[in-house]
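Participant:
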Amino acid sequence: MIRFRKVRSRKPHNVEMTEGSLLKNILYFSLPLMFSGILQLLFNAADTIVVGRYAGEQALAAVGSVGSLNTLIVSLFMGLSVGSNVVVARQMGARDYKGVQDAVHTSVAISFLSGIFLAFAGFFLARPLLLMMGSPEDVIDLSVIYVRIIFLGMPVQMVYNFCAAILRSVGDTKRPLYFLTVAGVVNVLLNLFFVIVLGMTVDGVALATIISQAVSAVLVVRSLMLREDAVRLTLKKLRIVPSVLLQIVRIGLPSGIQTSVFSISNVLIQSSINSFGTVAMAGNAAAGNIGGFVYQGISAFVQADTSFVSQNIGARKPRRALNAMWASHMWSFIFTFALGLISFTFGKYLLSMYNSDPEVITWGLERIKYVHIPYFLCAFMEIFSGALRGIGYSLLPMIISLLGACAFRIVWIYTVFRKVHTMPCLLVSYPVSWVITMVVMAICFFALYKKVCKSYTPEELAAK
């Protein structure tokens with residue numbers, strides 16, 4: 002039996018998931034995640050702002066138009082980090098420390114190998130995929146340079162995200178925030194140095210991004226190596242345990258496919274945006290960057306939802322798992338709705354930080370109006386999806402998302418948008434698809450939760 006010494010000085014970093022106030026603990030867990038997500042977005046925001054201010058509209062369009070492509074290629078492997086989170090959390094809830102160790106070392110090994118694969122794939126597929134997206138001739142060369150440099154840094158990005166997922170699974174969301182703060186400062190300083198001092202453009206901001214990501218990866222790996230509990234990382238023990246890999250893939254692969262499928266629809270939407278020209282692309286790139294900050298009100302609480310539900314299912318506390326989902330719903334609505342209103346109210350000023358061209362700002366405001374305000378609908382959809390993964394069903398959310406959101410958007414583009422070729426018609430497909438998917442997710446969750454509860458004793462069902 003593997004034993005680990007509890008280190009009291011490290012305890013404050015971890016949020017207790019199976020005991021205590023859910024509202025308070027989920028908030029404490031999620032706020033560092035939200036700030037971490039915001040800092041990660043500041044990597045891209047710094048890229049976008051510096052490029053938009055000092056390198057012109059073409060460079061801004063080049064940087065902003067490749068986000069959906071990056072997500073499409075990376076998301077499949079990032080889904081595996083969700084699988085790592087769930088597997089580690091479930092083993093921690095069950096106090097299976099041998100299982101935790103196997104999951105930790107398998108996850109880190111997967112992250113590095115995935116990063117190497119993505120580096121090669123992104124480098125060689127950049128131009129063909131951008132051509133398929135209809136990237137304009139005046140933008141595509143800069144876009145290819147940016148994408149290739151970013152993907153060369155994939156090994157460190159994947160290592161950071163998997164290691165951060167491991168820390169989240171045991172309730173530690175503070176230290177990833179500290180690491181990203183350091184990396185964010187490095188990123189901003191290098192952006193300014195490469196673009197303003199050295200006169201570089203998209204190559205400079207891409208290089209700054211991967212260097213800062215390497216800093217965060219080194220810090221998070223060091224943090225895991227210094228821990229004295231079950232998630233301690235020992236480089237000599239890195240290996241892939243087949244049984245653990247299968248668990249991670251079973252949970253994480255559908256999550257990655259789900260994100261990839263969303264990305265396919267977003268790539269098609271980006272291709273439709275490209276049809277309005279470079280200025281529209283620049284405006285949507287800026288608004289999309291702002292929307293990423295709004296989305297952090299969703300992302301943080303979805304991660305909390307999955308982690309809390311997973312640990313409490315592992316600890317055989319299904320009632321507490323359900324209550325964790327409802328608490329995540331409440332907090333995600335409050336933060337997402339507030340952030341959406343802020344982006345709408347101050348949209349003109351926020352967009353002017355990226356580019357002062359009035360036409361660019363006008364295009365950006367269209368996206369804010371139709372996508373940012375109803376973002377809370379996306380929050381409801383994502384929370385139900387995270388809860389389904391937490392109780393052990395990862396394939397179903399993928400199928401629902403494939404049909405309810407992605408297929409719907411694709412049909413919308415080739416039918417409604419083809420007849421009404423306007424930006425509002427294109428953007429309204431987002432909230433409509435969120436509502437459809439949310440309703441189906443909710444029905445499936447409650448049906449499967451009842452099925453899961455049948456395996457628990459009356460005492461376990463009553464545990465809070």
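The number in this note's numbering is simply the position in the sequence shown, starting from 1, with 1 added.
All C-beta atoms, glycine included, are put in the ideal place defined by N, C-alpha and C.
Being a predicted model, the structure only gives us computed values, none of them experimental.
1. To which residues does DSSP link D173 through a beta bridge?
2. What does the alpha-carbon distance come out to for the pair R9 and A231?
3. Do you know offhand how far S170's Cα is from W364's?
4. Per the contact definition of three or more C-beta pairs closer than 8 Å, is the region 142-151 in contact with the region 203-210?
5. Would you mind stating whether M354 and I50 have Cβ atoms separated by less than 8 Å?
6. Just reading off the alpha helix (DSSP H) that K452 is part of, what are its end residues?
7. Could you give the distance in angstroms between the alpha-carbon of V528 and the alpha-carbon of A90?
8. Going by the C-beta, is Q102 closer than 7 Å to any heavy atom of the ligand FAD?
9. Pair every Cβ in the region 358-373 with every Cβ in the region 285-294, then say whether three or more of these pairs are closer than 8 Å.
10. Over what stretch of residues does the alpha helix (DSSP H) that includes G123 continue unbroken?
11. Are the beta-carbon atoms belonging to I27 and Q297 less than 8 Å from one another?
12. What is the DSSP secondary structure of V280, reduced to helix, strand or coil?
13. Taking the alpha carbon of P243 as the point to measure from, which residue in M93, V436, G100 has its own alpha carbon closest?
14. Assuming E383 is part of the alpha helix (DSSP H), what are its boundary residues?
15. Whole angstroms is fine: what's the gap from L42's alpha carbon to N356's?
16. Take the Cβ of P13 as the centre, count every other Cβ of all protein chains shown within 10 Å, and call the residue buried at 16 or more, exposed below.
17. Would you kindly check if the distance between the Cβ of F446 and the Cβ of A406 is under 8 Å?
18. Please confirm whether N162 and S224 have their CB atoms less than 8 Å apart.
19. Taking the straight line between their C-alpha atoms, what separation do you get for L220 and V421?
20. With burial defined as no fewer than 16 other Cβ atoms inside 10 Å of the residue's Cβ, what is the status of G257: buried or exposed?
21. In three-state DSSP terms, what is V310?
22. Within the same chain, show all residues whose beta-carbon is closer than 7 Å to that of C379, passing over the 5 residues directly before and after it, in chain order.
23. Closest to L32 by CA distance: which of P177, G94, S144 is it?
24. Only counting the same chain, and skipping five residues up and downstream in sequence, which positions put a Cβ closer than 7 Å to that of H373?
25. State buried or exposed for T438, treating a residue as buried only when at least 16 other CB atoms are found within 10 Å of its CB.
26. State the DSSP-derived secondary structure class of G53, mapped to helix, strand or coil.
27. Along the alpha helix (DSSP H) that carries S329, what are the first and last residues, could you check?
28. At the level of alpha carbons, what is the spacing between F302 and M35?
29. Who are the near neighbours of N15 in its chain, counting only those whose CB is closer than 8 Å to its CB and skipping five residues on each side?
30. Within this structure, are the beta carbons of I252 and V88 separated by less than 8 Å?
31. Do you know whose CA, among F381, T458, M399, lies nearest A443's CA?
32. Would you mind working out which of K451, V222, Y350, F309 sits nearest A165, comparing C-alpha positions?
33. Using the beta-carbon count (16 or more within 10 Å), is V245 buried or exposed?
Facilitator: Straight from the coordinates:
1. Working through the sequence shown from its first residue, we reach residue 173 at position 172. According to DSSP, D173 bridges with N15.
2. Taking the sequence shown and counting its residues from 1, the one referred to as residue 9 is at position 8. Taking the sequence shown and counting its residues from 1, the one referred to as residue 231 is at position 230. Residue confidence is low: R9 scores 39 on pLDDT, short of 50, so the model does not pin down where it sits. Its coordinate-derived value is still stated next. Near 14 Å, if we compare the C-alpha coordinates of A231 and R9.
3. Within the sequence shown, residue 170 is the residue found at index 169, counting from 1. Within the sequence shown, residue 364 is the residue found at index 363, counting from 1. Roughly 40 Å between the two C-alpha positions.
4. yes
5. Along the sequence shown, read from residue 1 onward, the residue named residue 354 stands at position 353. Along the sequence shown, read from residue 1 onward, the residue named residue 50 stands at position 49. Yes, the pair counts as a contact, with Cβ atoms nearer than the cut-off.
6. If you number the sequence shown from 1, residue 452 lands on position 451. It spans 430-454 - the alpha helix (DSSP H) in which K452 sits, taken as one unbroken run.
7. Absent from the model: residue 528. The displayed extent of the chain is 2 to 465, so no value can be given.
8. As for the ligand FAD, it is missing from this structure, which has no ligand bound.
9. yes
10. Here residue 123 refers to the residue found at position 122 when the sequence shown is read from its first residue. Where G123 is concerned, the enclosing alpha helix (DSSP H) stretches over 98-133.
11. On the sequence shown, position 26 is the one that residue 27 refers to. On the sequence shown, position 296 is the one that residue 297 refers to. No, the Cβ-Cβ distance between I27 and Q297 is not below 8 Å.
12. Here the question's residue 280 lines up with position 279 in the sequence shown. Three-state result, V280: helix.
13. Residue numbering aside, residue 243 sits at position 242 when the sequence shown is read from its first letter. With distances taken between Cα atoms, P243 lies closest to G100.
14. Taking the first residue of the sequence shown as position 1, residue 383 is located at position 382. Its alpha helix (DSSP H) spans residues 376-391.
15. The residue labelled residue 42 in the question sits at position 41 within the sequence shown. The residue labelled residue 356 in the question sits at position 355 within the sequence shown. Taking the straight line joining both Cα atoms gives about 18 Å.
16. If you number the sequence shown from 1, residue 13 lands on position 12. Bear in mind that the predicted position of P13 carries a pLDDT of just 48, short of 50, making it too unreliable to give a figure here.
17. Taking the first residue of the sequence shown as 1, we reach residue 406 at position 405. Taking the first residue of the sequence shown as 1, we reach residue 446 at position 445. No; because the gap between Cβ atoms is not below 8 Å, this pair is not in contact.
18. Along the sequence shown, one-based indexing puts residue 162 at 161. Along the sequence shown, one-based indexing puts residue 224 at 223. Against a cut-off of 8 Å, the Cβ pair of S224 and N162 comes out as no contact.
19. Here residue 220 corresponds to residue number 219 of the sequence shown, with the count starting at 1. Here residue 421 corresponds to residue number 420 of the sequence shown, with the count starting at 1. Whole-angstrom Cα-Cα distance: 50 Å.
20. Against the sequence shown, residue 257 aligns to sequence position 256. That one is buried.
21. Locating residue 310 in the sequence shown gives position 309, counting from the first residue. Reduced to three states, the DSSP call for V310 is helix.
22. In the sequence shown, residue 379 corresponds to position 378, counting from 1. I299, W435.
23. Locating residue 32 in the sequence shown gives position 31, where the first residue counts as 1. Comparing Cα positions, the closest option is P177.
24. The residue given as residue 373 occupies position 372 in the sequence shown. Result list for H373: G292, V295, G341, S344, F345, in chain order.
25. One-based indexing of the sequence shown puts residue 438 at position 437. That one is buried.
26. Along the sequence shown, read from residue 1 onward, the residue named residue 53 stands at position 52. Helix, per DSSP.
27. Stepping through the sequence shown from its first residue, residue 329 is reached at position 328. It spans 319-346 - the alpha helix (DSSP H) in which S329 sits, taken as one unbroken run.
28. In the sequence shown, the residue the question calls residue 302 occupies position 301. In the sequence shown, the residue the question calls residue 35 occupies position 34. One C-alpha to the other measures close to 8 Å.
29. Translated into positions along the sequence shown, residue 15 becomes position 14. Cβ within range, chain order: V171, G172, D173.
30. Along the sequence shown, one-based indexing puts residue 252 at 251. Along the sequence shown, one-based indexing puts residue 88 at 87. Yes, the pair counts as a contact, with Cβ atoms nearer than the cut-off.
31. By 1-based counting over the sequence shown, the position of residue 443 is 442. Among F381, T458, M399, the Cα nearest to that of A443 belongs to F381.
32. In the sequence shown, the residue the question calls residue 165 occupies position 164. Checked all of K451, V222, Y350, F309; the closest Cα to A165 is V222.
33. Working through the sequence shown from its first residue, we reach residue 245 at position 244. Buried.
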